[in-house]
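Enquirer:
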Amino acid sequence: MASAVNQIPQYFTTEFSSNWEHLLQQKISKLREFVSVDTVRGKEKSFNQMGAVEMTKITSRAADTNISDVSLAKRWLRPYPYEHATLFDEWDSEYLGEVSLPQSETVANHANAYARTADKVIIDAALGTAYTGETGVTPTALPAGQKIAVDYVETGSAANSGLTIAKLRQAAFLLTNAEVDDSDPRIMVVSAKQIQDLLRTTEVTSGDFNTVRALVNGEIDTFMGFRFRRVASNLLPYNAGTGVRTCFAYVKSGLKLADAGRKVHVDIRADKSHALQIRTVASLGATRMQEAKVVEVPCDEVL
């Protein structure tokens, strides 16, 4: 018979935490406060837009009035419903023993998903197709003139690059040249890799390096006139074949978000053997208001 001193380890117990921890994820919306937020009562909302006009010089007395037409346009915003639901079996709380049923943690997890979805909707609107025209069925893409080449350089031979000072300067120029209001906040949406690119670029002077380092450390969020918003990398489009991540710059008035808010329903589902259901719903939609207010900035991530 084995001695007790050798048998005791067979009876060692395993302790389980009674709480739940969230795995790493983007928990808040990084972009919602940097877009125009509107409400949509109904399935869609149209926005009336008026083009610029020019004055005509009067060259003679009592001449016929010069009548000039003005171009008008419509931009459409359409929200769509989203949901996420989680079921807990009727007996889960019993069989978990001392481990708590993660009800509040589930609600928080749903809230995190809602925040990321809002950012994804905004990003898709910035880079995707907007709908214009009288009935809102005319697709309008971001034109080539609003897209900086991934190999853009100010001088010398073109070569693929990540986020560079040159690309930031060009994005700023395109916005300024389009006559965006000086008071309209400028936002640069990137992932962590692009901020790392700025630290590595040889174009950064010693003064810029200190600024970018503070940006990396979260001490500041502004560089070259842009408010930098770092989002989870999986929210920004990525081409696995080319290794290019699509980032973008914009002004706040250039993107409009419809957000009816988040609702949480907690119900006992009799049709699911009285399982507990936690269901979060939201209505979200976004559109690009003017193409000239958004600049696409592709960045190579495999250099």
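Residue numbers (our numbering): 97 to 399.
Each residue gets a CB set at the ideal place from its N, CA and C atoms; glycine is no exception.
Please read all numbers here as calculations on a predicted model, not as lab measurements.
Take the Cβ of H206 as the centre, count every other Cβ of all protein chains shown within 10 Å, and call the residue buried at 16 or more, exposed below.
Expert: Result: buried.
Enquirer: Just the C-alpha distance for D304 and K141, rounded to the nearest angstrom, thanks.
Expert: Each residue's alpha carbon lies about 43 Å from the other.
Enquirer: To the nearest angstrom, report how far apart K289 and E397 are at their CA atoms.
Expert: Each residue's Cα considered, the two are about 7 Å apart.
Enquirer: Return the chain-ordered list of same chain residues with a C-beta closer than 6 Å to the C-beta of M320, the five sequence neighbours on each side being excluded.
Expert: Within the same chain, M320 has close Cβ partners L264.
Enquirer: For T342, I'd like the list of residues in its chain whose CB is within less than 7 Å of its CB, leaving aside the five on either flank, ordered along the chain.
Expert: Around T342: L223, L332, P333, E392, P394.
Enquirer: Enumerate, from N- to C-terminal direction, the unbroken alpha helix (DSSP H) stretches of 4 or more residues contained entirely within the stretch 167–196.
Expert: Correct list: 188–191.
Enquirer: Between the C-alpha atoms of Y176 and A221, what's the straight-line distance to the nearest angstrom?
Expert: Taking the straight line joining both Cα atoms gives about 13 Å.
Enquirer: Which two residues bound the contiguous beta strand (DSSP E) that contains F143?
Expert: Per DSSP, F143 belongs to the beta strand (DSSP E) from 141–146.
Enquirer: In this structure, does DSSP put I364 in helix, strand or coil?
Expert: Strand, per DSSP.
Enquirer: Just verifying my parser: in three-state terms, what is the DSSP assignment at P198?
Expert: Three-state result, P198: coil.
Enquirer: Among the candidates V131, Y178, L120, N335, whose CA atom is the shortest distance from the CA of T376?
Expert: Of V131, Y178, L120, N335, the residue nearest in Cα terms is Y178.
Enquirer: If I follow the unbroken beta strand (DSSP E) through T272, where does it start and stop?
Expert: Run containing T272: none in the beta strand (DSSP E); it sits in the alpha helix (DSSP H), 261–273.
Enquirer: Can you tell which of S379, I374, L380, A378 has its C-alpha closest to the C-alpha of S200?
Expert: Checked all of S379, I374, L380, A378; the closest Cα to S200 is I374.
Enquirer: Considering only the alpha carbon of each residue, which of R365, G314, V285, V327 lies closest to Y346?
Expert: Nearest option by C-alpha distance: V285.
Enquirer: Pull up the distance between the alpha-carbon of F269 and that of D165, whole angstroms please.
Expert: Roughly 30 Å separates the two Cα atoms.
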